[in-house]
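Protein chains in written order, with our numbering: chain A, 1 to 189; chain B, 1001 to 1348.
Virtual Cβ for every residue (Gly too), placed ideally from N, Cα, C.
The structure appears right after this line, and notes come after that.
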C-alpha cells in the first residue's frame, strides 16, 4: 500500500516536471527598447506563400505603416559569398589522413566565409536603408498551435534590435490575430 | 575483527591522498625562452616555468615536472646557443609527446618590454594526443612582482586545463553593443537576445537579420577554434605536413597551380590572423558602435553550450568557456553573461 502511494507520487512528480520543462520553453517573452511609430517606413520579411504574405502586409498598412515587401529567399545568397575556388585548390588527396594543418585550413576558410556573409548582409541592410529609405526591418515567423510564433524588429538607423517577441500560438489564433498581436506590441498600442 | 577493521581504515586513509594525486593530471613544463638577445634576463627561462609549476602543484594539486627534470627538454635546451632553435614550435610537439610521459605540456617565451620594468609572456598549452594548442599572453612587472604574474598565469592555466576549458582576459563592459553568432534560430535566438537585453546589452542585427541561421549544430563547431591578437586556440599547423611536390618534371601549369595552393594554405592556415583582422575591421566600419562578437555553440539538445567572446575593435579574445549547462536556452545564456561579466578568478 505504502509502495503504491510512493509510486503514484513519483509518477505525478515526473509528469509535472516534464510538463513544466516543456511549458517553460514555450512561454512568451517580449522586450522592447522603443515603440515603432505607425508612420514609419518598414520592410517585412516573412517566409510564407504570397497570399498569406499579402494578408500580413495589408494588416500593417491598415495600421498606417508604409510597407516594403522583401523576399526572404532573395535577401541573402550564401553561395555568392562562399567562394569555392579556394576549396578547389585544396582538393588533392591526402589518402585517409586529415592532417591538422589541412583541417585548420578548411575550418578557417569556412569561418572567413561566415564572417564575409554576415558582412554582406549588413551592407545589404545599409543599402535597403539608404536607397529605399526603409527605417525598420520586421522579421516574422508564424507557427501552428502548440508552437511559438516570433517577431524581431531591427532599427536600420541605429543598427540595433529594438523589439523581440515570442508568442505561443493559441488554438484560436490565425495569421490575422497573430499579426495584430505583434503590431500591438511593436507600436505600443 | 576490530584490529582487522582498523587496518582497513588506516589503509584507506593513506591511499586517499595517493589516489587523489594519481587522478591529477601530469603537467610537464618546458623552458620559457627569452626572445631577445639580452642575456641579462636568461635566468628567467628557468624561473618562470619553475614558479608556475610550483603554484600548479601547491595550490591546484597538479602533478608537475619542471624542465630540468625532463631529459628531452634539457637536452634540446642545452644543445644549442641559438635562441630561435630553443623555442618549441608546433612541429616539435609530436616528437616530444613520445620523448616523455605527461598529460599536458606547457611551454613558452617571454620578451622584456624595452625601457620598462615589464615583461610579456607567451604561454602555450598542448594536451598530448590532441590536435590543438592553446596560446595566450600575459604581461607583468619584473622584480618582486614576478610571482604575481606567475600566479595569474597559473590561474589561467588551471581554468583552461580543468574541465571548464575556460579563459578570460578580462570582463566585458556592461551595457555594450554585442553581436551574437549561433546555431540557434527563430524563437530560441530571441530567447538568447532576451537574456542579453534584460542585462542592458544592445544587440547588433548581425546574424539575427534572417529567419534562419546558416550555422547548424555541426557547422558551428568550426567556429570553436579561434586566433586573436592576444590568444588562440588552434590546430597544430606545420608546413611539413603538406606535400606540395614539385621538381624539374612539374611543368609551368602544374607549378602555377601549386603556388596557388601554397598561397591558400598560407592565407588560411599560417597567416589567418591577418585575414580575421581584416574582416573584423570591415564589420567594425559598418557598425562603429559594435564592441563584441560572441559566438555561442549549442549542442544538439540546446541545453549545453560553449562560447567565444571577441573584442572586435582590437581582435582580442576576451573570454571563452565550454560545457555551460542549463535547462533552457535563456538559462544557458544567462550563465554565459555571468561568466563574461565576472572578473578573472579560479573556477571551482
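Beta-carbon neighbours of residue i, restricted to chain B and to distances below 8 angstroms
{"i": "residue 31 of chain A", "result": "1193, 1194, 1197 and 1198"}
{"i": "residue 145 of chain A", "result": "None at all; the shortest Cβ gap to chain B is about 14 angstroms."}
{"i": "residue 119 of chain A", "result": "1279, 1282, 1283 and 1286"}
Opening and closing residue of the beta strand (DSSP E) in which residue i lies
{"i": "residue 32 of chain A", "result": "29 to 32"}
{"i": "residue 1317 of chain B", "result": "1316 to 1325"}
{"i": "residue 136 of chain A", "result": "136 to 141"}
{"i": "residue 164 of chain A", "result": "160 to 168"}
{"i": "residue 1306 of chain B", "result": "1304 to 1311"}
{"i": "residue 1126 of chain B", "result": "1118 to 1127"}
{"i": "residue 1112 of chain B", "result": "1104 to 1112"}
{"i": "residue 1063 of chain B", "result": "1063 to 1065"}
{"i": "residue 1141 of chain B", "result": "1132 to 1141"}
{"i": "residue 1290 of chain B", "result": "1290 to 1298"}
{"i": "residue 149 of chain A", "result": "148 to 155"}
{"i": "residue 40 of chain A", "result": "No beta strand (DSSP E) contains residue 40 of chain A, which DSSP labels as neither H nor E."}
{"i": "residue 1178 of chain B", "result": "1177 to 1182"}
{"i": "residue 1233 of chain B", "result": "1231 to 1235"}
Beta-carbon proximity check, residue i vs residue j, cutoff 8 angstroms
{"i": "residue 141 of chain A", "j": "residue 153 of chain A", "result": "no"}
{"i": "residue 1032 of chain B", "j": "residue 1108 of chain B", "result": "yes"}
{"i": "residue 1159 of chain B", "j": "residue 1294 of chain B", "result": "no"}
{"i": "residue 185 of chain A", "j": "residue 32 of chain A", "result": "yes"}
{"i": "residue 1155 of chain B", "j": "residue 1048 of chain B", "result": "no"}
{"i": "residue 1164 of chain B", "j": "residue 1006 of chain B", "result": "no"}
{"i": "residue 1205 of chain B", "j": "residue 159 of chain A", "result": "yes"}
{"i": "residue 1226 of chain B", "j": "residue 1308 of chain B", "result": "yes"}
{"i": "residue 29 of chain A", "j": "residue 66 of chain A", "result": "no"}
{"i": "residue 188 of chain A", "j": "residue 35 of chain A", "result": "yes"}
{"i": "residue 1085 of chain B", "j": "residue 1067 of chain B", "result": "no"}
{"i": "residue 172 of chain A", "j": "residue 56 of chain A", "result": "no"}
{"i": "residue 1051 of chain B", "j": "residue 1168 of chain B", "result": "no"}
{"i": "residue 1220 of chain B", "j": "residue 1266 of chain B", "result": "no"}
{"i": "residue 192 of chain A", "j": "residue 1234 of chain B", "result": "The first residue shown for chain A is 1 and the last is 189, placing residue 192 of chain A beyond what the model contains."}
{"i": "residue 165 of chain A", "j": "residue 151 of chain A", "result": "yes"}
{"i": "residue 1025 of chain B", "j": "residue 1161 of chain B", "result": "yes"}
{"i": "residue 1232 of chain B", "j": "residue 1111 of chain B", "result": "no"}
{"i": "residue 128 of chain A", "j": "residue 156 of chain A", "result": "yes"}
Residue i versus residue j: straight-line alpha-carbon distance, rounded
{"i": "residue 99 of chain A", "j": "residue 1341 of chain B", "result": "37 angstroms"}
{"i": "residue 214 of chain A", "j": "residue 1131 of chain B", "result": "With chain A covering 1 to 189 only, the question about residue 214 of chain A has no answer from this structure."}
{"i": "residue 47 of chain A", "j": "residue 120 of chain A", "result": "20 angstroms"}
{"i": "residue 1106 of chain B", "j": "residue 1030 of chain B", "result": "6 angstroms"}
{"i": "residue 1019 of chain B", "j": "residue 1004 of chain B", "result": "Any reading at residue 1019 of chain B needs caution, since the residue's pLDDT is 48, under 50, leaving its predicted position unreliable; the model's value is listed next. Looking at the two C-alpha atoms, the distance is approximately 22 angstroms."}
{"i": "residue 148 of chain A", "j": "residue 1103 of chain B", "result": "47 angstroms"}
{"i": "residue 1142 of chain B", "j": "residue 1087 of chain B", "result": "21 angstroms"}
{"i": "residue 1284 of chain B", "j": "residue 177 of chain A", "result": "40 angstroms"}
{"i": "residue 1181 of chain B", "j": "residue 125 of chain A", "result": "17 angstroms"}
{"i": "residue 1218 of chain B", "j": "residue 1297 of chain B", "result": "9 angstroms"}
{"i": "residue 1061 of chain B", "j": "residue 1211 of chain B", "result": "49 angstroms"}
{"i": "residue 1271 of chain B", "j": "residue 1194 of chain B", "result": "37 angstroms"}
{"i": "residue 1305 of chain B", "j": "residue 1216 of chain B", "result": "13 angstroms"}
{"i": "residue 1037 of chain B", "j": "residue 1089 of chain B", "result": "19 angstroms"}
{"i": "residue 1262 of chain B", "j": "residue 1255 of chain B", "result": "10 angstroms"}
{"i": "residue 1302 of chain B", "j": "residue 1277 of chain B", "result": "30 angstroms"}
{"i": "residue 1185 of chain B", "j": "residue 1153 of chain B", "result": "37 angstroms"}
{"i": "residue 146 of chain A", "j": "residue 167 of chain A", "result": "10 angstroms"}
{"i": "residue 1075 of chain B", "j": "residue 1063 of chain B", "result": "22 angstroms"}
{"i": "residue 1022 of chain B", "j": "residue 1150 of chain B", "result": "Below a pLDDT of 50, predicted positions are generally treated as unreliable, and residue 1022 of chain B, at 44, falls in that range; the measurement from the model is reported next regardless. Those two C-alpha atoms are separated by around 25 angstroms."}
{"i": "residue 1287 of chain B", "j": "residue 170 of chain A", "result": "38 angstroms"}
{"i": "residue 92 of chain A", "j": "residue 1187 of chain B", "result": "Annotation note: pLDDT 47 at residue 92 of chain A (below 50); position unreliable, coordinate value reported separately. Rounded to the nearest angstrom, the two C-alpha atoms are 42 angstroms apart."}
Listed by chain order, chain A residues near residue i by CB distance under 9 angstroms
{"i": "residue 1223 of chain B", "result": "107, 110, 111 and 114"}
{"i": "residue 1237 of chain B", "result": "100, 101, 104 and 105"}
{"i": "residue 1098 of chain B", "result": "The contacting residues do not exist; residue 1098 of chain B stays about 17 angstroms from chain A at best."}
Contact list for residue i against chain A, beta-carbon separation under 7 angstroms
{"i": "residue 1242 of chain B", "result": "101"}
{"i": "residue 1187 of chain B", "result": "148, 150 and 166"}
Anticipated Cβ contact below 8 angstroms, residue i with residue j, distance rounded
{"i": "residue 1269 of chain B", "j": "residue 101 of chain A", "result": "6 angstroms"}
{"i": "residue 45 of chain A", "j": "residue 139 of chain A", "result": "5 angstroms"}
{"i": "residue 1331 of chain B", "j": "residue 1312 of chain B", "result": "The Cβ separation is near 27 angstroms, so there is no contact."}
{"i": "residue 1093 of chain B", "j": "residue 1236 of chain B", "result": "6 angstroms"}
7 angstroms Cβ cut-off: residues of chain B touching residue i
{"i": "residue 161 of chain A", "result": "1193, 1203, 1205 and 1208"}
{"i": "residue 123 of chain A", "result": "1286"}
{"i": "residue 52 of chain A", "result": "Near residue 52 of chain A there are no residues of chain B at all, since even the closest Cβ is about 14 angstroms away, more than 7 angstroms."}
{"i": "residue 154 of chain A", "result": "1205 and 1209"}
Contacts of residue i in chain A (Cβ-Cβ under 8 angstroms)
{"i": "residue 1070 of chain B", "result": "What residue 1070 of chain B touches in chain A: nothing, since even the nearest Cβ is about 24 angstroms away."}
{"i": "residue 1294 of chain B", "result": "Chain A residues near residue 1294 of chain B: none, gap ~13 angstroms exceeds 8 angstroms."}
Endpoints, alpha helix (DSSP H) assigned at residue i
{"i": "residue 1040 of chain B", "result": "First-last for residue 1040 of chain B: undefined, no H or E at that position."}
{"i": "residue 102 of chain A", "result": "100 to 132"}
{"i": "residue 1093 of chain B", "result": "1090 to 1099"}
{"i": "residue 60 of chain A", "result": "50 to 62"}
Contacts of residue i in chain B (Cβ-Cβ under 9 angstroms)
{"i": "residue 137 of chain A", "result": "1205 and 1209"}
{"i": "residue 189 of chain A", "result": "Neighbours of residue 189 of chain A on chain B: none; closest Cβ ~21 angstroms, over 9 angstroms."}
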